[in-house]
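Student: Chains as they are written, first to last, in this note's numbering: chain V, 1 to 87; chain U, 101 to 187. First the structure, then my questions, so here it is.
There are 2 protein chains.
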Amino acid sequence: QDAKAGRVKASAQCAVCHGSNGMSQLPTAPNLAGQVDIYLAKALEDFRAGRRENEMMSVVAKGLSDADIANLAAWYASIPITVGTPP
Amino acid sequence: QDAKAGRVKASAQCAVCHGSNGMSQLPTAPNLAGQVDIYLAKALEDFRAGRRENEMMSVVAKGLSDADIANLAAWYASIPITVGTPP
Numbered sequence: 001q002d003a004k005a006g007r008v009k010a011s012a013q014c015a016v017c018h019g020s021n022g023m024s025q026l027p028t029a030p031n032l033a034g035q036v037d038i039y040l041a042k043a044l045e046d047f048r049a050g051r052r053e054n055e056m057m058s059v060v061a062k063g064l065s066d067a068d069i070a071n072l073a074a075w076y077a078s079i080p081i082t083v084g085t086p087p
Numbered sequence: 101q102d103a104k105a106g107r108v109k110a111s112a113q114c115a116v117c118h119g120s121n122g123m124s125q126l127p128t129a130p131n132l133a134g135q136v137d138i139y140l141a142k143a144l145e146d147f148r149a150g151r152r153e154n155e156m157m158s159v160v161a162k163g164l165s166d167a168d169i170a171n172l173a174a175w176y177a178s179i180p181i182t183v184g185t186p187p
């Protein structure tokens, strides 16, 4: 897993919807900052394999290699988030 | 949307995997703290309708009402998160 390579890939293909720091730019796109890497990798694999469908993600994931998926998951999981006390 | 009611529902059914503050307790469960509410509601609707499948979530979502889904989404979206600078 290479978070730096993941960061480069993300800035090209993911940041437009998921934000440069992993915070969503669209109501239909989830925040990815600090997300669990194993969960992220599975989501991308599911989109790529068609086990999970989304207009945008099904297309984006088609072009991802296993290395891309591991690197993207490592990148987003590496973004530090802190949780505050709910209102 | 009633985040407080969502918090009560979450503590009963979701916290075991997603954590009492929305931070994942399992490598296969995503963090939900501060997630986009529209995205969360759609995910729960998709699990409930079978458009998306997960061993655990397909079962959990079956028993959720529309109000439950709106309240759970409001609750998790209300948990404040701050994003730090990636390493």
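Cβ coordinates follow ideal geometry from the N, Cα and C atoms, glycine included.
Please decide whether Ile179(U) counts as near chain V, where near means a Cβ-Cβ distance under 9 Å.
Tutor: Here the question's residue 179(U) lines up with position 79 in the second sequence. With 9 Å as the cut-off, Ile179(U) counts as an interface residue toward chain V.
Student: Roughly how many angstroms lie between the CA atoms of Met23(V) and Leu64(V), to the nearest whole one?
Tutor: The residue given as residue 23(V) occupies position 23 in the first sequence. The residue given as residue 64(V) occupies position 64 in the first sequence. Their backbone Cα atoms lie some 21 Å apart in a straight line.
Student: Chain U partners of Gln35(V), CB-CB under 8 Å?
Tutor: Numbered from its first residue, the first sequence carries residue 35(V) at position 35. Pro130 and Asn131, listed in chain order.
Student: In angstroms with no decimal places, state the Cα-to-Cα distance between Gln113(U) and Gly119(U).
Tutor: The residue you call residue 113(U) lines up with position 13 of the second sequence. The residue you call residue 119(U) lines up with position 19 of the second sequence. Straight-line Cα distance between these residues: approximately 10 Å.
Student: Determine, using beta carbons only, whether Ile81(V) and Gly150(U) come nearer to each other than 9 Å.
Tutor: Here residue 81(V) corresponds to residue number 81 of the first sequence, with the count starting at 1. Here residue 150(U) corresponds to residue number 50 of the second sequence, with the count starting at 1. Contact flag unset, no.
Student: If the cut-off is 7 Å on Cβ atoms, which residues from the region 151–179 of chain U count as contacting chain V, listed in chain order?
Tutor: Arg152, Ser178 and Ile179
Student: I want to verify the contact list: residues of chain V whose CB lies under 8 Å from the CB of Val183(U), in sequence order.
Tutor: Position 83 of the second sequence holds residue 183(U). Result: Asn21, Gly22, Met23, Ala33, Gly34, Ile79, Pro80 and Ile81.
Student: Under a CB-based cut-off of 9 Å, is Arg107(U) close to chain V?
Tutor: As a working mapping, residue 107(U) is identified with position 7 in the second sequence. Judged by the 9 Å Cβ criterion, Arg107(U) is in contact with chain V.
Student: Give the list of continuous beta strand (DSSP E) stretches no shorter than 3 residues that lie fully inside the region 109–183 of chain U.
Tutor: 181–183
Student: Measuring alpha carbon to alpha carbon, tell me which of Ala105(U), Ala170(U), Pro186(U) and Tyr176(U) ends up nearest Ala141(U).
Tutor: The residue given as residue 141(U) occupies position 41 in the second sequence. Nearest C-alpha to Ala141(U): Ala170(U).
Student: Closest by CA to Met56(V), which one among Asp66(V), Ser78(V) and Leu44(V)?
Tutor: To locate residue 56(V), count along the first sequence from 1; it is residue 56. Among Asp66(V), Ser78(V) and Leu44(V), the Cα nearest to that of Met56(V) is on Leu44(V).
Student: My guess is that Ala33(V) and Asn21(V) are in contact by the Cβ rule of under 8 Å, so how many angstroms apart are they, rounded?
Tutor: Here residue 33(V) corresponds to residue number 33 of the first sequence, with the count starting at 1. Here residue 21(V) corresponds to residue number 21 of the first sequence, with the count starting at 1. Indeed, because the Cβ distance is near 6 Å, the residues count as touching under 8 Å.
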